[in-house]
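Data block below; observations after.
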Amino acid sequence: MSFSDLRVRKPGSAPQRALRLSLLAVMVASGIAQAAETTNTEQTLNVDASANVDQQQQAAQDYSVPVTRAGTKMALTARDIPQSVSIVSKQRMQDQQLQSLNDVLKNTTGIHGVSSDMDRTNYYSRGFLIDNYMVDGIPTAFASRWNLGDAQSDMALYERVEVVRGATGLLTGPGNPSASINMVRKHADSKEFTGDVSASYGSWNKQRYVADLSAPLSPEGNVRGRLVAGYEDKNSFIERYGADKKFVYGVVDADLTDSTKLSVGYEFTQVNTDSPMWSGSPRWYTDGSQIKARRGYNTAPDWAYNNKENKKVFVNLQQNFENGWNITLNGTHNEMFLDSKQLYIDGFFDKTTGAGSSSYAGYPVIGGTGYNTGKRKVDAVDAFASGPYELLGRQHELMIGVNYSRQDNKYYSSWENISSAELGNFNNYNGDFPESNWDPREPASDTQLVRQKSAYLATRISLADPLHVILGARYTNWNRQTLSEEMEKNNITPYGGVIWDFYDNWSAYASYTSVFQPQDYQDASGAFLAPVIGKNYEAGVKSDWFNSRLTTSISIFRTELDNVGEATGQTNPETGNAIYVGKSGVVSRGVEFEVNGAVTDNWQMTFGGTSYVAEDREGENYNSQLPRTSFNLFTSYRLPMLDQLTLGGGVTWQSKTYGDIGGPDGEGTWRARQGSYSVVDLFARYDVTKNVSLQANINNLFDKEYDTNVSNGGIVYGDPRNFSVSASYRF
């Protein structure tokens, strides 16, 4: 396949907009690059010796991160990775008040969320579900039905978030060609007693308190400790809903020798929610008109709750050698717990009488209650070595590693259906439904034990000074045991990429990898769908400036998949599981761009966009609940004439979405729609002293009303306009 094949477009179709988007990205990137050249023709940022911060402190305030192991596990700049990479730094998280992984992903280029309800949001990239998250490079997979709060991870515990879009089989083995999300933990890297204490207050009585303390634990500072602890309590624009979160994180870093470092840590997080609405509020009357419920309407009764607890123990050992090689060993033991009693309403209602009609043929059910508990236990070890080697008079790099993981998912459930007669007049319903007399909980059908054994390697070959090739592969032995069956698969995932430094700060790249993904989705009979198989292609242009303080990228991609699971909008009444069908010949193709980092010493910016189409063999849109085009911009500017004051803000925009839902009594389909919309945020920070700062944020400035879930019959509104004010003290 040639690169021109990736750009084939039907006349008048959405991909033409993607092409115009790519031209816009080139102009934006070129304009900023020209500004960078004007500012400093040597492409190296000169920091004035009289400035208030030195270069190291300045780098800590950047939106970009110069070197990362994302993509290949080799320490490279983003420009040297032949895939689309976005990094959300600690500074950007502070400016934008991105306090959870949910917040980060909502504001990351090419990532889109679909909220099943208030506590469960699944994220997608390029049309496909992101079904695993990584912490320090170790992945944890999850089933979308049993979302145990991975995306609620608190960002106070992490230094940055790395997102690699597309297929990432070299890093994760089995996986969708969507993206890998890697959270990089904070470490005890200070030999002096330092800290940051913050407090904030916001809309709906949200209170948040965080302390981040570091100190030496030995006189020489070769043993150091760090403690992060926090508490958050909030209500919501949704009536009766409330949540509190507690977290504590401790890590000890020890320099065993000048070249050997050991890290040991523990993390605990607990999130408790009261009266969470399950699956949104009903969307339609039986006459086809939409129910105009207020944004704060809640179907949940007072007895409903959803509690989650997360415990993680980890160890990291790094050994460096004088020849440039290093060995890294990561080990983790994670336990996540779920305890939940909830109620959902799912049906169509008569506008006059309030009587309900089921969305299933011959099955008069308009809701249900569920008592669900679960435990997910992950034990994983990952070890890899990387370093340079010489061949034919040139220096190259090699990375080789092994991985073992054991993930035990145990889910238990008890549930009851709700008939129209039991609910009564929906027009008068306000969450006043009695708690069920629960039957004993039984193991859920998607209880499973998954084991993976992997070996992987990659090499970066220098063919010439401007030309490099990355070749690699990962072998995976994957085994899943469920209550009723066992499946074992062996797979080799190849990886290939080429990078051509064609001009000073510019490079072009292309990459290829295959895709293999066992699925947790079930069909109408309750059987698991067969694994997804396919191919992923990507090509693009990248640049970096000021020693990688500013990066730009634009890429085109194409993914070809078979047997891809797609939700039908129906639920199996016997199991309560969503029903999926396997789609053959699914193709996703499009374009992405991003500009990220320091435009000047005082100006930080992230500007990204994506446009794609995803269709099956019949030309039908795949996962139509996802926007096909989106942009996100966030920027901050420190005023030179008053450098204590930083102002900024951003906007996100996405195109229209829709979903086809089964009609009343299972007859026909009705279409749920959400038009295109934008959300504007603003912030300001004032440094009262060099240690004390005050910050104010306003989100959804124009109070845009939008639905985050058109994939089923329930409406889940996004947050209305809200604010927060915070104060922090650094020492």
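Here the numbering used here runs 142 ahead of the position in the sequence shown, where the first position is 1.
Heads up, the beta-carbon is just placed ideally off N, CA and C, and yes, glycines get one too.
Because the structure is a prediction, the values reported are computed rather than measured.
Regarding residue 741 and the ligand PLP, is the C-beta to nearest heavy atom distance less than 7 Å?
The ligand PLP is not part of the structure shown, which contains no ligands of any sort.
In terms of residue numbering, what span does the beta strand (DSSP E) encompassing residue 325 cover?
Taking the first residue of the sequence shown as position 1, residue 325 is located at position 183. Taken as a continuous stretch (DSSP letters only), the beta strand (DSSP E) holding residue 325 covers 321-327.
May I ask you to list the residues that DSSP assigns as paired with residue 478?
As a position in the sequence shown, residue 478 is number 336, starting the count at 1. DSSP lists 452 and 518 as partners of residue 478.
Looking only at its own chain, which residues have a Cβ that is under 8 Å from the Cβ of residue 607, when we skip the five neighbours before and after it?
Here residue 607 corresponds to residue number 465 of the sequence shown, with the count starting at 1. Around residue 607: 643.
Alpha carbon to alpha carbon, what distance is there between residue 200 and residue 183?
For the purposes of this step, residue 183 is taken as the residue at position 41 of the sequence shown. For the purposes of this step, residue 200 is taken as the residue at position 58 of the sequence shown. Bear in mind that a pLDDT of 36 at residue 183, under 50, signals an unreliable position, so the number given afterwards is only what the model happens to contain. Using only the alpha carbons, I get a separation of about 20 Å.
Just how far apart, CA to CA, sit residue 520 and residue 296?
Mapped onto the sequence shown, residue 520 falls at position 378. Mapped onto the sequence shown, residue 296 falls at position 154. Straight-line Cα distance between these residues: approximately 19 Å.
For residue 557: DSSP bridge partner residues
Translated into positions along the sequence shown, residue 557 becomes position 415. DSSP output for residue 557 lists 512 as bridge partner(s).
Can you list, in chain order, the residues of its chain with a C-beta nearer than 6 Å to that of residue 654? Leave out the 5 residues immediately preceding and following it.
As a first step, residue 654 is located in the sequence shown; it is residue number 512 there, counting from the start. Around residue 654: 638 and 679.
Between which two residues does the alpha helix (DSSP H) carrying residue 232 extend?
Residue 232 sits at position 90 when you count from the first residue of the sequence shown. That run of the alpha helix (DSSP H) goes 232-238.
Rounded to the nearest angstrom, what separates residue 340 and residue 362 at their Cα positions?
Within the sequence shown, the letter at position 198 stands for residue 340. Within the sequence shown, the letter at position 220 stands for residue 362. Spanning the two alpha carbons is a distance of roughly 29 Å.
Roughly how many angstroms separate the alpha carbons of residue 267 and residue 703, rounded to a whole number?
Working through the sequence shown from its first residue, we reach residue 267 at position 125. Working through the sequence shown from its first residue, we reach residue 703 at position 561. If I take the Cα positions, the gap works out to 15 Å.
Within 10 angstroms of its Cβ, does residue 618 collect 16 or more other Cβ (buried), or is it exposed?
The count along the sequence shown starts at 1 and reaches residue 618 at position 476. Label assigned to residue 618: buried.
Considering only the alpha carbon of each residue, which of 459, 320, 791 and 758 lies closest to residue 396?
Here residue 396 corresponds to residue number 254 of the sequence shown, with the count starting at 1. Taking only the C-alpha atoms, the option nearest residue 396 is 459.
Where DSSP assigns a beta bridge to residue 585, which residues make up the other side?
Stepping through the sequence shown from its first residue, residue 585 is reached at position 443. Answer is 554, bridged to residue 585.
Ordered along the chain, which non-local residues of its own chain (more than five positions away) have a Cβ less than 7 Å from that of residue 708?
Reading the sequence shown from its first residue, position 566 is the one you call residue 708. If we look at residue 708 and ignore the five residues flanking it on each side, its Cβ neighbours are 722, 723, 725, 764 and 765.
Ignoring anything shorter than 3 residues, give me the beta strand (DSSP E) runs that lie fully in the segment 581-668, in order along the chain.
590-606, 609-624, 628-645 and 648-659
Hey, which unbroken runs of the beta strand (DSSP E) at 3 residues or more fall wholly within the segment 376-417?
384-399 and 402-416
Check for me: the alpha helix (DSSP H) holding residue 246 runs from which residue to which?
Taking the first residue of the sequence shown as 1, we reach residue 246 at position 104. Note, residue 246: alpha helix (DSSP H), 243-248.
In terms of DSSP beta bridges, what is residue 348 paired with?
Looking up residue 348 in the sequence shown gives position 206. In DSSP, residue 348 forms a bridge with 344.
Our contact map puts residue 326 next to residue 406 with C-beta atoms below 8 Å; I'd like the distance itself, whole angstroms only.
If you number the sequence shown from 1, residue 326 lands on position 184. If you number the sequence shown from 1, residue 406 lands on position 264. Incorrect: roughly 17 Å between the Cβ atoms, too far for contact.
Could you name the residues of the same chain whose beta carbon sits closer than 6 Å to that of residue 559, not counting the 5 residues immediately before and after it, in chain order?
What you label residue 559 is simply residue 417 of the sequence shown in a count that begins at 1. These residues qualify, in order along the chain: 507 and 510.
Ends of the alpha helix (DSSP H) at residue 563?
Counted from its first residue, the sequence shown places residue 563 at position 421. Here the alpha helix (DSSP H) through residue 563 covers 562-565.
If you run the structure through DSSP and keep just helix, strand and coil, what is residue 220?
By one-based count along the sequence shown, residue 220 stands at place 78. If DSSP states are grouped into helix, strand and coil, residue 220 belongs with the helices.
Taking the alpha helix (DSSP H) that residue 311 falls in, what are its first and last residues?
Mapped onto the sequence shown, residue 311 falls at position 169. Its alpha helix (DSSP H) spans residues 311-314.
Do residue 213 and residue 225 have their beta-carbon atoms positioned less than 8 Å apart in this structure?
One-based indexing of the sequence shown puts residue 225 at position 83. One-based indexing of the sequence shown puts residue 213 at position 71. Contact: yes.
Could you tell me the alpha carbon to alpha carbon distance between residue 822 and residue 436, rounded to whole angstroms?
Position 680 of the sequence shown, counting from 1, holds the residue named residue 822. Position 294 of the sequence shown, counting from 1, holds the residue named residue 436. In a straight line, the C-alpha of residue 822 is about 22 Å away from that of residue 436.
Following the continuous beta strand (DSSP E) through residue 723, name the residue where it begins and the one where it ends.
Stepping through the sequence shown from its first residue, residue 723 is reached at position 581. Residues 720-725.
Is it right to say residue 870 is buried, meaning 16 or more other beta carbons lie within 10 angstroms of its own, or is it exposed?
In the sequence shown, the residue the question calls residue 870 occupies position 728. That one is buried.
Contact set for residue 448: own chain, Cβ-Cβ below 7 Å, skip 5 residues either direction:
Sequence index remark: in the sequence shown, residue 448 carries index 306 (1-based). So the qualifying residues of the chain are 261, 415, 418, 482 and 484.
Quick check: residue 808 and residue 501, are their CB atoms within less than 8 Å of each other?
Locating residue 808 in the sequence shown gives position 666, where the first residue counts as 1. Locating residue 501 in the sequence shown gives position 359, where the first residue counts as 1. A contact, by the Cβ cut-off of 8 Å.
DSSP three-state call for residue 524: helix, strand or coil?
The sequence position of residue 524 within the sequence shown is 382, counting from 1. Residue 524: strand per DSSP, three-state reduction.
Local Cβ density within 10 Å of residue 172, reported as buried at 16 or more and exposed below that
Translated into positions along the sequence shown, residue 172 becomes position 30. Note on residue 172: pLDDT 43, under 50, position unreliable in the model; the coordinate value appears next. Residue 172 is exposed by the Cβ-count criterion.
Beta-carbon proximity list for residue 842, same chain, < 8 Å, skipping 5 on both sides
Translated into the one-based positions of the sequence shown, residue 842 becomes position 700. 821, 822, 823, 860, 861, 862, 863 and 864, listed in sequence order.
Going by the CB atoms, is the gap between residue 752 and residue 252 shorter than 8 Å?
As a position in the sequence shown, residue 252 is number 110, starting the count at 1. As a position in the sequence shown, residue 752 is number 610, starting the count at 1. In contact: residue 252 and residue 752 (Cβ atoms closer than 8 Å).
Name the residue from 779, 440, 425 and 488 whose alpha carbon lies nearest to the alpha carbon of residue 434.
Residue numbering aside, residue 434 sits at position 292 when the sequence shown is read from its first letter. The candidate whose alpha carbon is nearest that of residue 434 is 425.
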